[in-house]
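One structure below.
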Amino acid sequence: MDLADGVGQMDVSVPSNVDFDTLPAWLRETTRASDHGKIVSENFLKIERNEQSRMKDAYAAFTPGGAAKSRGVRLSGVEKGVKNRYKDILPFDHARVRLADRSEGSCDYINASYVQASRSNKRYIASQGPLPATFEDFWSVIWDQDVRVIVMLTAESEGGQLKCHPYWQSKEFGPFRLKPLSEKKVSLDLDKPRTNSTASASNTAAAAAAAEAGRRRAMTTNVIDSSNPALPTVPSQPAETPHVIIRKFVLSHAANPFAPMREITHLHYPSWPDFGTPAQPSHLLALVELANVMQRSALPVDANAIAASATSERPTMSNWYDEPESDTKARPMLVHCSAGCGRTGTFCTVDSVIDMLKRQRIASAIAETQYDTDGDVQMDDGTPQRNDGPNREISGIARDGNHRIDTSFLRDSGADLIASTVEDFRQQRLSMVQSLRQFVLCYETVLEWIWRSQDKNNGLSTARNRARSGSLESRR
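Here it is, written out as structure tokens:
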């Protein structure tokens, strides 16, 4: 990219009802209406220039004598043409996923990268859309890395151009066996009116998340009884409705017949054009939160509490998780679009930054509790509280002491978490968040999450205050 004329500039849309004064300082600064997106544009230009310098050094390694001089990142897979969807989108050697259990001298290459922000425990594998020549390799990664959720952010084709092959339609991929369980469409429109009918409640992302958690039990096993050939289906939404296709599969390994079968969730969002954005930030937010519910559904959950939220009058965030990821060894989520960088990077950035804000919110709530000396009774104001279970972890230090994340941002509200996260990701896979429009979308979606969190918490506070008032009235 020629950066002589910059990267352009565009306004950042801010929800009209967001409480601007409660935003982190960095978000207030970057989204001021009077700024017209200038700071955001400058941040992205800096990220682009850093990558341009990094890639200049990386490509210099392929010139005579360049390898000895290069001290930066190294590209991998240049010679693996049949395994790369795009010749200019290659993984860095230090972050690439290596195929496991390959004999000496055999190829362990796949165009996929380990991705993790320095301030979050969230882990991802960012991958290109699989090619027929890499289907078996792809499912090998899913098995070897114990991936349970795949997020696909592209249609199979756009404008007559093939973007991703349907890697889930066959039943055998070398030693791997894939058995379909179900497929359904759910709306990503968080503001869609709802009724109490079963059909409408089962057709939104919030309801799908509640149903997923509700069907689990505290001691879920990995073995699935799928002897019933009748697969559940749900009437699909009209084509113009933003939706995600949720597919469920059972994955098994023929060479490991005693290994438990694994349930894989495939979230397919086909309405996000290459280099573009979804119709609304709320659609991406709904997808991110749905993916998190699916990701955590293999863990013990409070199924009754989450399922109960499906009966609410409108799809809110009440069934989503208020806690940051505390498991330093959490399973990675595999995310891909076509090249595995632009849309993939945007999704991972939004998810990671929301996780950081949850951690920041909890740290702030704990600090406020410690300094609350106004009375001998602590009144609940509706702020989401983290339970004091054995997994409680705010500082980012694992219980086994093997992992530490950067927690300086907990005390620094001026650090731009989006810009720093994209910079983190760019050092692990090139072009993560590929365009200024996608970069702006990260800010808009995080703002959407903050606004909806405020809306939810205000509702909780109002309900609890009414309950307290009623309780006091009954005692008079």
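With this note's numbering as the guide, the letters of the sequence shown map in order to residues -7 to 468. By construction, the Cβ of each residue, glycine as well, lies at the ideal position given by its N, Cα and C atoms. Here the structure is a predicted model, which is why all the values come from computation and not from measurement.
If you pair each beta-carbon of the stretch 414 to 433 with each one of the stretch 104 to 118, do three or more pairs fall below 8 Å?
yes
Between Ser179 and Thr233, which are expected to be in contact by the criterion C-beta below 8 Å, what is the C-beta distance as a whole number of angstroms?
Locating residue 179 in the sequence shown gives position 187, where the first residue counts as 1. Locating residue 233 in the sequence shown gives position 241, where the first residue counts as 1. Contact flag correct, Cβ pair sits at about 5 Å.
Going by DSSP, what residue range makes up the beta strand (DSSP E) through Arg94?
The residue labelled residue 94 in the question sits at position 102 within the sequence shown. Premise fails: Arg94 is in no beta strand (DSSP E) and is neither H nor E.
Quick one: Cα of Ile117 to Cα of Ala53, how far?
For the purposes of this step, residue 117 is identified with residue 125 of the sequence shown, where counting begins at 1. For the purposes of this step, residue 53 is identified with residue 61 of the sequence shown, where counting begins at 1. Distance between the alpha carbons of Ile117 and Ala53 is about 26 Å.
Got a sec? Which residues, its chain only, sit under 7 Å from His245 by beta carbon, not counting five neighbours each side?
To locate residue 245, count along the sequence shown from 1; it is residue 253. So the qualifying residues of the chain are Trp135, Pro167, Phe168, Ala251.
When we look at the beta-carbon of Cys434 and count the other beta-carbons within 10 Å, is it buried (16 or more) or exposed?
Residue numbering aside, residue 434 sits at position 442 when the sequence shown is read from its first letter. Buried: at least 16 other Cβ atoms inside 10 Å.
So Arg20 is in the alpha helix (DSSP H); what residue range does that whole segment cover?
In the sequence shown, counting from the first residue as 1, residue 20 sits at position 28. Start and end: 17 to 22.
Just confirm the distance between the C-beta atoms of Trp264 and Thr336, as a whole number of angstroms; I'd bet it's less than 8 Å.
Numbered from its first residue, the sequence shown carries residue 264 at position 272. Numbered from its first residue, the sequence shown carries residue 336 at position 344. Contact flag wrong, Cβ pair sits at about 10 Å.
If you reduce the DSSP assignment to three classes, tell me which class Ser119 lands in.
Here residue 119 refers to the residue found at position 127 when the sequence shown is read from its first residue. DSSP places Ser119 in strand when its eight states are reduced to three.
Distance between beta carbons of Thr437 and Pro273, contact taken as under 8 Å:
Here residue 273 corresponds to residue number 281 of the sequence shown, with the count starting at 1. Here residue 437 corresponds to residue number 445 of the sequence shown, with the count starting at 1. Indeed they touch by this definition, with Cβ atoms about 4 Å apart.
Leu54 in three-state terms, based on DSSP:
Position 62 of the sequence shown, counting from 1, holds the residue named residue 54. The residue asked about is misnamed: residue 54 is Phe in this sequence, not Leu. DSSP places Phe54 in coil when its eight states are reduced to three.
Please classify His28 as buried or exposed, where buried requires at least 16 neighbouring CB atoms within 10 angstroms.
The residue you call residue 28 lines up with position 36 of the sequence shown. When all chains shown are included, His28 counts as exposed.
Is the Cβ-Cβ distance between Asp398 and Ser112 less than 7 Å?
To locate residue 398, count along the sequence shown from 1; it is residue 406. To locate residue 112, count along the sequence shown from 1; it is residue 120. In this structure, Ser112 does not lie closer than 7 Å to Asp398 by Cβ.
Is the beta carbon of Val6 sitting closer than 7 Å to the one on Leu276?
Start at 1 with the first residue of the sequence shown, and residue 6 comes out as number 14. Start at 1 with the first residue of the sequence shown, and residue 276 comes out as number 284. Against a cut-off of 7 Å, the Cβ pair of Leu276 and Val6 comes out as no contact.
Identify the continuous alpha helix (DSSP H) that holds Leu182 and give its terminal residues.
For the purposes of this step, residue 182 is taken as the residue at position 190 of the sequence shown. Neither: Leu182 is in no alpha helix (DSSP H) and is coded neither H nor E.
I'd like the list of long-range same chain contacts for Val32, defined as Cβ closer than 7 Å, with 5 residues on each side in sequence excluded.
Here residue 32 is taken as the residue at index 40 of the sequence shown, counted from 1. The residues are Val4, Thr22, Phe431, Val432, Tyr435.
Please state whether DSSP places Lys114 in a helix, a strand or coil.
As a position in the sequence shown, residue 114 is number 122, starting the count at 1. Coil, per DSSP.
Could you check if Ala278 is buried or exposed, using at least 16 other CB atoms within 10 Å of its CB as the buried criterion?
For this step, residue 278 is matched to residue 286 along the sequence shown. The residue in question, Ala278, is buried, as its Cβ has 16 or more Cβ neighbours within 10 Å.
Start-to-end residues for the alpha helix (DSSP H) that takes in Ala278
Reading the sequence shown from its first residue, position 286 is the one you call residue 278. It spans 273 to 288 - the alpha helix (DSSP H) in which Ala278 sits, taken as one unbroken run.
Looking at the structure shown, is Gln426 part of a helix, part of a strand, or coil, going by DSSP?
Walking along the sequence shown from the start, residue 426 turns up at place 434. Residue state, collapsed to three classes: coil.
Going along the chain, which unbroken runs of the alpha helix (DSSP H) with 4 or more residues stay wholly within the stretch 131 to 158?
none
Anyone know if the C-beta pair for Val414 and Thr341 falls short of 7 Å?
Counting from 1 along the sequence shown, the entry for residue 414 is found at position 422. Counting from 1 along the sequence shown, the entry for residue 341 is found at position 349. Yes, these two residues count as a Cβ contact at 7 Å.
Closest by CA to Arg90, which one among Arg115, Phe36, Gly121, Asp129?
Counted from its first residue, the sequence shown places residue 90 at position 98. Comparing Cα positions, the closest option is Asp129.
Contact check, Arg444 vs Gln287 under 8 Å by CB: the rounded distance?
Position 452 of the sequence shown, counted from the start, is the residue given in the question as residue 444. Position 295 of the sequence shown, counted from the start, is the residue given in the question as residue 287. Wrong, their Cβ atoms sit about 20 Å apart, outside the cutoff.
7 Å Cβ shell around Phe165 - same chain, five flanking residues per side excluded
Stepping through the sequence shown from its first residue, residue 165 is reached at position 173. Once the five neighbours on either side are set aside, the close Cβ partners of Phe165 are Phe127, Glu128, Trp131.
Close Cβ partners of Pro83 (< 7 Å) along its chain, the five nearest in sequence each way excluded
Taking the sequence shown and counting its residues from 1, one reaches residue 83 at position 91. Excluding sequence neighbours, Pro83 sits near Ser68, Gly69, Asn103, Ala104, Ser105, Arg421.
Go ahead and pull the three-state DSSP assignment for Lys176.
Working through the sequence shown from its first residue, we reach residue 176 at position 184. Lys176: strand per DSSP, three-state reduction.
Looking at Ala283 and Gln120, is the spacing between their C-beta atoms short of 7 Å?
Residue numbering aside, residue 120 sits at position 128 when the sequence shown is read from its first letter. Residue numbering aside, residue 283 sits at position 291 when the sequence shown is read from its first letter. It is not a contact, given that the beta carbons lie outside the stated cut-off.
Just to confirm the assignment, what range does the alpha helix (DSSP H) spanning Ser412 have?
Sequence index remark: in the sequence shown, residue 412 carries index 420 (1-based). That run of the alpha helix (DSSP H) goes 409 to 418.
Classify Val354 as helix, strand or coil using the three-state DSSP reduction.
For this step, residue 354 is matched to residue 362 along the sequence shown. Checking the sequence shown, residue 354 turns out to be Ile, not Val. Of the three classes helix, strand and coil, the one that applies to Ile354 here is helix, per DSSP.
By DSSP's criteria, His258 is part of a beta bridge. Which residues make up the other side?
The residue labelled residue 258 in the question sits at position 266 within the sequence shown. Partner(s): Ile142, Arg239.
Per DSSP, what kind of secondary structure is Ser8 in: helix, strand or coil?
Position 16 of the sequence shown holds residue 8. The answer is coil: DSSP assigns Ser8 none of H, G, I, E or B.
Tell me whether Cys156 is buried or exposed, calling it buried when 16 or more other Cβ atoms sit within 10 Å of its Cβ.
Counted from its first residue, the sequence shown places residue 156 at position 164. With 16 or more other Cβ atoms within 10 Å, it is buried.
Cα-Cα separation, Trp18 to Ser344
Walking along the sequence shown from the start, residue 18 turns up at place 26. Walking along the sequence shown from the start, residue 344 turns up at place 352. The alpha-carbon atoms of Trp18 and Ser344 are separated by roughly 16 Å.
Spatial neighbours of Leu(-5) in its chain, beta-carbon cut-off 7 Å, leaving aside the 5 residues before and after
In the sequence shown, counting from the first residue as 1, residue -5 sits at position 3. Closer than 7 Å at the Cβ level, and outside the excluded window around Leu(-5), lie Leu37, Glu40, Arg41, Gln44.
Less than 7 Å between C-beta atoms, sequence neighbours within five positions excluded: which residues of the same chain meet that for Gln1?
Along the sequence shown, one-based indexing puts residue 1 at 9. Correct list, in chain order: His28, Gly29, Lys30, Ser33.
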